[in-house]
Each structure stands twice: as C-alpha cells, then as structure tokens.
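From first to last, the protein sequence lines stand for chains A and B. The opening position of the first sequence corresponds to residue 1 in our numbering, with each subsequent residue numbered one higher. The opening position of the second sequence corresponds to residue 1001 in our numbering, with each subsequent residue numbered one higher. These notes are about the structure you will find just below.
There are 2 protein chains.
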Amino acid sequence: MAKSSPFGKHSARSRKPANSRPLGEFELIAQIRQLFAANSAEFVKVGIGDDAAVLSFGGKELVWTIDSSVENVHFRFEWLSDADIGWRSLHAAASDLAAMGAIPVGALSALELPRRFRESRLVKLLEGQRDAAHSLGCPIVGGNLTSAEVLAVTTTLIGHTKRAKLRSSARVGDELWLIGDAGLAAAGLGCLAGGSRGRRGSAVDRCVQAWRRPVALIKHGCALVGQARAVIDISDGLVGDAQHLAEASRVAIELDAEALEAVLADELREVADRLSRPALDLALYGGEDYALLATGSRLKRPAVARRIGQVVDGKGIWWATRGRRRRVPSRGFDHFET
Amino acid sequence: MAKSSPFGKHSARSRKPANSRPLGEFELIAQIRQLFAANSAEFVKVGIGDDAAVLSFGGKELVWTIDSSVENVHFRFEWLSDADIGWRSLHAAASDLAAMGAIPVGALSALELPRRFRESRLVKLLEGQRDAAHSLGCPIVGGNLTSAEVLAVTTTLIGHTKRAKLRSSARVGDELWLIGDAGLAAAGLGCLAGGSRGRRGSAVDRCVQAWRRPVALIKHGCALVGQARAVIDISDGLVGDAQHLAEASRVAIELDAEALEAVLADELREVADRLSRPALDLALYGGEDYALLATGSRLKRPAVARRIGQVVDGKGIWWATRGRRRRVPSRGFDHFET
C-alpha cells in the first residue's frame, strides 16, 4: 500500500502499486492543478505544486499544508502506540513547513475516530500530538471530531517565513545536499513489518524510532533559507523527491554514489544487513524520513548539509560512480511492502 | 450516526447516540481544550472553543477552520452525486468562516480515496469542489491524496476579517436573530433517507437541494460584523448551536415560538407534512442548514436577520409561547436518523 501524496507530488507509485492503479496519478495531479489553478488569486503566492501553499499577508509569507495519516494505509496499530500516531501525524505535516523554511504558527487536527477507539486511547493520541506540538513550538488551535470506520488523523499547519523556499529554483551547477538521514525510517518499518526477526539492539531501536517518531527539521529548514536555492523534503524517498525537485526546476540530478555511501548511518548498514537488503536501496527508495534535500552553491553549503551529488543539465535522476553514469529507475518509494 | 463536531462544539450527541457513546464528549472536549491550551501563543488570538481559530497577522485577523465529510457518516453515495460531495464539503467548511464574519482566502483539500473510486468519479468530485470554490471566491491552493477504505474529504479554509465575530459575546437584552433558513436540510435528508416516498414536487426539490448543495452565508456573515454581538452557524441544529452560544456567553436564550413559527419556509411545512413530522421539530433540531444564529441590539438588526427570540439571564435554552416558558430539551440534532 502507499502513503499519501500532496497535490504537488506525483510519483507514479505514490498512491498504489502500478498493477492496481485505477488512477493515472501523474495525469490526475496535472488535472487537479488545471482545475484549481489559482496562483493569481489575492493573497496566494504559491498554489498547487510545491510542498505547501504560500499566502502573502502583511509582509510575511504564510506557508500552509495539510497531511493525512490513515490506519492500515500509513500505519498499523501493531506498529505504533496511540501516542506515536499523534506525534507522527504532526511531525509528518510539519516537515512540509521545514522544506519551505517556515516556522510553525499553529495546527488544526481533524480526527476520524472508529467506535472501538475508546476515550483512554484517544487521550493517548492527543497527548502524542501535544508533545509533538511542544517539540515544534506549534500550538494546536482547533480541530474537528467525527466518527469513521478506521482511524485517520488529518493535520493542517500554518508557518511563517520571510521568503518560502521552493522546489523549483534549482540551477545547473548547484550542489545537491542531504540534511538529516535517509533510509532509517524504511529500515525501521522493515523491522516492524517483519515481526520479531532481528528486532533487537540499539541500531534497530534507532531505525524503529526514526519511523515511529520522525522529527520535522524545522531549524535546519530555516537555516537553509539564506543558503539553499531549492529545497524539498524526502517523505516520498530520496529518488522520488529528487525527481519532483528536478521536474519542478527543469534540471537533471546526478547522485554521487561515493558521497552518498559515505553519509549512510552506521545503524542503517547494520539493520539493512539483518533485513538482507542493500543499505543504499533503503536510502534511495525508503520513504518517510522527513529529511531535507536541497540544492545550492558550494560556497553557501551550511554545516548541517552533506553533499551527495549535483544539479546538471537534462532530465531525470542519474547515478554517477567511478566516472560512469546511468539513469536511476523511478520505482517509487517503499511503504508497507507486505 | 452523527456528523462531525469541531473542537469548539460539544453537544452531548454530536458524535454518536447516547446509547453507544464510548466517549464522554463534553468532558473530552474540555480535556482537549486543556491539553491544547494555547491562546497565549504568538499570532494566536482565539484557539479551541469557537467555530474557527483566529490568528493575527499584519493588522488582519485570519480565521482558520477544518471540517471532514466521511462516507457513511455524513453522506451515502445514493443521496449525493460525486459533484455534490465536493460542493458540500467546501461550503460546510466555509460556513465556519461565515459565522466569524470572514472572507475566504483559500482552501486545502485532503482526500481519502477508496480503490473503487475511479478517476472519472474523482474528477466529478473535484469539479464540485471547483464550482464551490468559484461560488465562494475561495481558490483551492493545495491538498493531499491518500488511499483509504471509504471516501473522506477534509477541507481547511483560511479567511480574513478585520475583527472575527465570536460566539461568546452575547449580552442579556440582545435580540436573537436567524439569518437563512432552519430545517430545510433535515427535511431534504428525510426525503432522501425515506426512499422514494414523497420525493416529488418543488418543495421537496428545495429541501433536498438545501441538504445536497448548502451555501455558506459568507456575505451575510460579513454584513453582521458591524451589527451583531455574537454569531454561530447552526450546522448542529438551531437548539444545539443556541446552546453552544449560550454556554460560551454565559447567558440563557429564550426562543419566541410565534416568531420562529412565522419564519419557517413554506417548503419546510409542506415537506414536514409529507414526512409526518412537525415542521418546528425539523427547524429546531435539524442540522446542516449552515444558516447563522446571531445576537445583537434591536437597533442594529440588519435586513437579512429575523428576530426569533432574545438573550436572557440564566442558563440553557427556553421556549416562550403565549407568556409561558419551558426549558427546551437538549436532544441534539437529527442526522442519519435511520
């Protein structure tokens, strides 16, 4: 099964595997953009097509996003505590603000609650949201409750920034930067989905925690505002979101194999071994890390950013290793692999 | 089954009938308010507790709301076209802006899409949203797509106003005003839920249309800004929302039976007869009309507002007829009565 995809994203497999896809998602999102075209409306600076919408108010830019977390699509109850569900829903949504370089102002939370979800569990979920809200400095200022068949948490956030960072401003010659870790969350999910096999040790703990309790990189995103040219979060996986960035900027991206290998976390290597999967595969295609991918001039690279490639002329995502270059297949990101 | 309830609302039956309620909703929302207390945060002028949150930016107040519309909870596919579902979800959410006297700036739409919901149907739903967006002058500037078991549309809107109207500012001595019609939507739902019985004629058409294609009273809401003291929308039914207003303002409300009888729409009387239900019952307890209930000084009553009672000292909702007074039972609003 697949995770959610903001209107701005359109990886071919982001809703469901190709063999069961009733919707041509790429065409569909193009159609949505056309139907809802509104970039010229008053106050609207950026409409559909980026991590979040941007409104302009009193000299400030407001960055506004929405994200849903649905039982049996984004998580299973066996894999997350109720508090984790609350935490995760807020940080996943906040990651869009991080990508735009915005500081959270507030959140609204719409909860769809199944009848079997008793009050004591709901309180745990709300406590997870509250803790996430504290960690983000982002008060939850309202919401909505409704019954439903399965649990779903839809979160909308507003952030503010002087000037929102977009995914469409990469330039040929920019370096490609990774901020945060790639692949850990997918490795953690692999451990959880695989049952008890290989579920012990601090490396496993770190990976599982990366999936259960992601942290939106708000401070890093803000630090990129004066430094980076284009930014996107890699919730859809490094390759998938590099594609979104490349398409929006009308450039190609070359991943530097040695540079990327060098920044993989030791815990990722260890857990990938236990899962019998290449660590690089998890880093390239594993989603939900909520790390940031940015481009910018070498001279402006901040300390938190690690170079993993460069922006080049052309189309698509390329893999450069020992002087050779080949196209990276766009197989979408891993999620609920069972 | 019940409709959704914003965190600010807390009618005892707004989530589900009392006999199957695992959650003490009144206590729960009090708990949510306590957990999420954030009225003192930067930019946040009003947090949980009204139709919408209010943020303060550059001399403007931004009114921000979220609302969900879930298959088999808020609608059934037999009763609404896909375009109706799109239209209805946006206007229902926009009604919270109307109540606060705000002009829509933009909307985000999070769609949970079941696999059986094919692209052609989704496009109809999106067209319904687009038409609603045009009618409201409210561009849809982003959103999110995810798979799910059942269809759900969660909509967040931002509006702007000089000064948001709250539900907590009613004063003893104010008149109680109704803006728009009460009971039509519930009558229309009654026709739909009752199958083909009594489903013909222009009165039925008007009631069914009131349920299928509600219209948020944005202009009326804005017109109330300089005139009314407190405003709320009656999506939870006239009595239910009068209670919310009375509780928030720490006053009692006396409904004037003759005045209310006088403003009932002829179509409501006709359809109520066919449904063998008292028209007044539908007007008092029928939800989802998205009309507005306001209080204000007699001297400031605008032309669109019709007096149906007054604000008095005390607690609760009272029914005044021919000089006698009795308490109105708080049985919550009708929805999916089957």
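Think of the CB as a built atom: it goes at the ideal place given N, C-alpha and C, for glycine as much as any other residue.
Range covered by the beta strand (DSSP E) that runs through residue i
| i | result |
| --- | --- |
| S1069(B) | 1060 to 1070 |
| K1162(B) | Here K1162(B) belongs to no beta strand (DSSP E), and DSSP marks it neither H nor E. |
| R1326(B) | 1324 to 1327 |
| R1306(B) | 1306 to 1312 |
| E254(A) | 252 to 256 |
| L113(A) | 103 to 113 |
| L1192(B) | No beta strand (DSSP E) holds L1192(B); the alpha helix (DSSP H) holding it covers 1184 to 1193. |
Counted within 10 angstroms of its Cβ, other Cβ atoms place residue i as buried (16 or more) or exposed
| i | result |
| --- | --- |
| R1324(B) | exposed |
| P1006(B) | buried |
| S1235(B) | buried |
| L299(A) | exposed |
| D1273(B) | exposed |
| S1109(B) | buried |
| P329(A) | exposed |
| D1334(B) | At D1334(B) the pLDDT is 46, less than 50, meaning the model places this residue with poor confidence; the figure from the coordinates comes in the next sentence. Classification of D1334(B): buried, given that the 10 Å Cβ count is 16 or more. |
| R326(A) | exposed |
| F36(A) | buried |
| Q129(A) | buried |
| T321(A) | exposed |
| E1112(B) | buried |
| Q1310(B) | buried |
| S1297(B) | exposed |
| A210(A) | buried |
| E42(A) | exposed |
Contact set between residue i and chain B, taken where Cβ atoms lie within less than 8 Å
| i | result |
| --- | --- |
| G59(A) | G1058 |
| L108(A) | A1053, W1064, T1065, I1066, T1156 |
| E127(A) | L1035 |
| P214(A) | What P214(A) touches in chain B: nothing, since even the nearest Cβ is about 17 Å away. |
Top-ranked residue by Cα proximity to residue i, from the options
| i | options | result |
| --- | --- | --- |
| G106(A) | G143(A), A262(A), I232(A) | G143(A) |
| K1315(B) | A1279(B), L1245(B), A1257(B), R1298(B) | L1245(B) |
| V382(A) | A294(A), H74(A), G194(A), A272(A) | Because residue 382(A) is not part of the residues shown, which for chain A are 1 to 338, the question remains open. |
| E1261(B) | R1326(B), W1319(B), S1297(B), A1099(B) | W1319(B) |
| A1173(B) | T1295(B), A1283(B), I1029(B) | Note on residue identity: the sequence assigns Gly, not Ala, to residue 1173(B). Of T1295(B), A1283(B), I1029(B), the residue nearest in Cα terms is T1295(B). |
| S202(A) | R115(A), A303(A), D266(A) | D266(A) |
| L1028(B) | G1049(B), E1042(B), F1043(B), K1045(B) | G1049(B) |
| L1136(B) | L1090(B), L1113(B), E1127(B) | L1090(B) |
| R1171(B) | S1095(B), I1032(B), G1159(B), R1250(B) | R1250(B) |
| A186(A) | E71(A), R269(A), G86(A) | R269(A) |
| G188(A) | L80(A), A52(A), S69(A) | L80(A) |
| A1283(B) | A1303(B), I1308(B), A1252(B) | I1308(B) |
| K162(A) | A303(A), D51(A), R76(A), A223(A) | A223(A) |
| E78(A) | V208(A), S56(A), A132(A), T65(A) | V208(A) |
| A1148(B) | V1231(B), R1115(B), H1134(B), P1104(B) | R1115(B) |
| R306(A) | Q227(A), L176(A), V231(A) | L176(A) |
| I1103(B) | S1169(B), T1065(B), D1084(B) | T1065(B) |
| L1125(B) | A1279(B), A1193(B), D1084(B), L1055(B) | D1084(B) |
Delimiting residues of the alpha helix (DSSP H) encompassing residue i
| i | result |
| --- | --- |
| L1282(B) | 1279 to 1285 |
| L136(A) | 119 to 136 |
| V1204(B) | 1202 to 1212 |
| L224(A) | 218 to 224 |
| W1087(B) | 1082 to 1100 |
| A1272(B) | 1266 to 1274 |
| S1249(B) | 1238 to 1249 |
Neighbour list for residue i in chain A, Cβ cutoff strictly below 9 Å
| i | result |
| --- | --- |
| V1150(B) | A148, E149, V150 |
| E1288(B) | Chain A residues near E1288(B): none, gap ~13 Å exceeds 9 Å. |
| F1075(B) | What F1075(B) touches in chain A: nothing, since even the nearest Cβ is about 12 Å away. |
| S1005(B) | N144, L145, T146 |
Within chain B, the residues that residue i reaches when beta carbons sit closer than 7 Å
| i | result |
| --- | --- |
| G316(A) | The premise fails here: G316(A) is roughly 24 Å from chain B at the closest Cβ pair, so nothing lies under 7 Å. |
| E112(A) | S1068, V1070, A1152 |
| A228(A) | Per Cβ cutoff of 7 Å: no residues; A228(A) is ~22 Å from chain B at best. |
Proximal residues of chain B, C-beta to C-beta of residue i below 9 Å
| i | result |
| --- | --- |
| I48(A) | I1140, V1141, G1142, G1143 |
| V105(A) | A1041, E1042, F1043, V1044, L1055, F1057 |
| R322(A) | In chain order: nothing, as chain B lies at least about 40 Å away. |
Residues that residue i contacts on chain A, provided the C-beta gap is smaller than 8 Å
| i | result |
| --- | --- |
| Q1031(B) | V123, L126 |
Residues that residue i contacts on chain A, provided the C-beta gap is smaller than 7 Å
| i | result |
| --- | --- |
| R1130(B) | L35, F36 |
Interface flag, residue i vs chain E, CB-CB below 9 Å
| i | result |
| --- | --- |
| E267(A) | Within the model displayed, chain E is absent; protein chains A and B are what it includes. |
query = Looking at C-beta atoms only, is the number of pairs between the region 178 to 191 of chain A and the region 207 to 217 of chain A that lie closer than 8 Å three or more?
reply = With the cut-off at 8 Å, the region 178 to 191 of chain A and the region 207 to 217 of chain A touch.
task = Would you check if the region 1240 to 1248 of chain B and the region 1278 to 1295 of chain B touch, i.e. whether three or more CB-CB distances between them fall below 8 Å?
result = Here the region 1278 to 1295 of chain B lies against the region 1240 to 1248 of chain B, with 3 or more beta-carbon pairs under 8 Å apart.
query = Quick check: the region 115 to 123 of chain A against the region 1044 to 1064 of chain B, are there 3 or more CB pairs under 8 Å?
reply = No: the two stretches stay apart, fewer than three of their Cβ pairs being nearer than 8 Å.
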